[in-house]
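J.:
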Amino acid sequence: MLSIKTEYNIPRDYFNDFIGLIEETNPADNLIPSDLYRTKKLVSKLGLTAAKIDCCINGCILYYKDDAVEVYCRTCNAHRFKPKSGRQRRQKKDVSYSRLFYLPIILRLQRLYESMSLAGHMR
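Under my numbering, the first residue of the sequence shown carries the number 54, and numbering increases by one thereafter.
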């Protein structure tokens, strides 16, 4: 269900309403999470965390490893971070224009091989 939410960019309220509809149509003792928060909490127990990597707004480079400290793109000279607006009482973190979420393949393959029913199909 989270993959459908991500693929179609469904808002949180719609997702919660959709889950409520599914709960109404299923028996009372179902194990479906009741909202987006509980769904994410359930999925987080799998241990599949995504690495967040900043990238150029034009898609030129990833600010990763040696380039992680760069503030401007070395190919197109675009800014990495959005400008900070107005006066602020406390220092705010820099917000990048674009970000890549990377899920390492090794962790995904390990999870697939843990399932006895899927492991046979992967050889």
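Note that CB positions come from ideal geometry on N, CA and C, so glycine has one too.
Roughly how many angstroms separate the alpha carbons of residue 103 and residue 76, rounded to a whole number?
T.: Using only the alpha carbons, I get a separation of about 29 Å.
J.: Confirm, please, whether the CB-CB distance from residue 153 to residue 113 is below 8 Å.
T.: Result no, Cβ atoms of residue 113 and residue 153 do not sit closer than 8 Å.
J.: Rounded to whole angstroms, what is the Cα-Cα separation between residue 143 and residue 137?
T.: Rounded to the nearest angstrom, the two C-alpha atoms are 12 Å apart.
J.: Does residue 118 come out as helix, strand or coil in the three-state DSSP assignment?
T.: Reduced to three states, the DSSP call for residue 118 is helix.
J.: Put residue 97 into one of helix, strand or coil per three-state DSSP.
T.: Here residue 97 sits in helix by DSSP.
J.: Of all the options 122, 146, 73, which has the alpha carbon lying nearest to the alpha carbon of residue 83?
T.: Here the closest residue by C-alpha is 73.
J.: Across which residues does DSSP place residue 172 in a beta bridge pair?
T.: None, per the DSSP bridge assignment.
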